[in-house]
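To start, the structure under review is shown below, and the notes come after it.
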Amino acid sequence: MNSDAASLAILATRGVTLARGGKTIARLPDLTVAAGQSMAIVGPSGCGKTTALMALAGIRAPQQGTITVEGTDLWTLGRQTFGWQRNAPAIPSTTTSVSKT
Numbered sequence: 193m194n195s196d197a198a199s200l201a202i203l204a205t206r207g208v209t210l211a212r213g214g215k216t217i218a219r220l221p222d223l224t225v226a227a228g229q230s231m232a233i234v235g236p237s238g239c240g241k242t243t244a245l246m247a248l249a250g251i252r253a254p255q256q257g258t259i260t261v262e263g264t265d266l267w268t269l270g271r272q273t274f275g276w277q278r279n280a281p282a283i284p285s286t287t288t289s290v291s292k293t
């Protein structure tokens with residue numbers, strides 16, 4: 193990847209390995225996603241798609257390698273940057289009524 197591509201990358205991975213219990217469970221390809229680009233993660237059941245998405249979302253730390261968002265290491269940004277809270281309820285605590293008029 194050249195420096196121009198690096199400066200345009202909204203998301204990039206380099207040498208990312210994911211592990212559970214000390215055992216490598218997935219290796220992500222080096223990739224660069226620019227603003228406006230789309231990316232799909234596909235594969236058979238059990239190949240690590242959810243684990244990869246968790247790492248890209250900042251929920252699971254990589255065993256090796258780096259994940260950057262706009263050139264900044266994801267793990268230096270912190271979960272609060274993305275609004276993540278550990279053990280946050282999946283259902284909103286407030287409700288909104290919509291009335292038909």
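Residue numbers (this note's numbering): 193 to 293.
We put the CB at the ideal spot given by N, CA and C, even for glycine.
How about L299 and A247: are their beta carbons less than 8 angstroms apart? Outside the shown range of the chain (193 to 293) lies residue 299, about which nothing can therefore be said.
Considering only their Cβ atoms, is the gap separating D222 from T243 smaller than 8 angstroms? Going by C-beta atoms, T243 is not nearer than 8 angstroms to D222.
Determine the direct distance from the alpha carbon of I202 to that of R219, and round the result to whole angstroms. Each residue's Cα considered, the two are about 20 angstroms apart.
Is it true that the CB of A226 sits closer than 8 angstroms to the CB of L200? Going by C-beta atoms, L200 is nearer than 8 angstroms to A226.
Starting from the Cα of G235, find the closest Cα among L245, G228 and Q229 and give me that residue. Answer by Cα proximity: L245.
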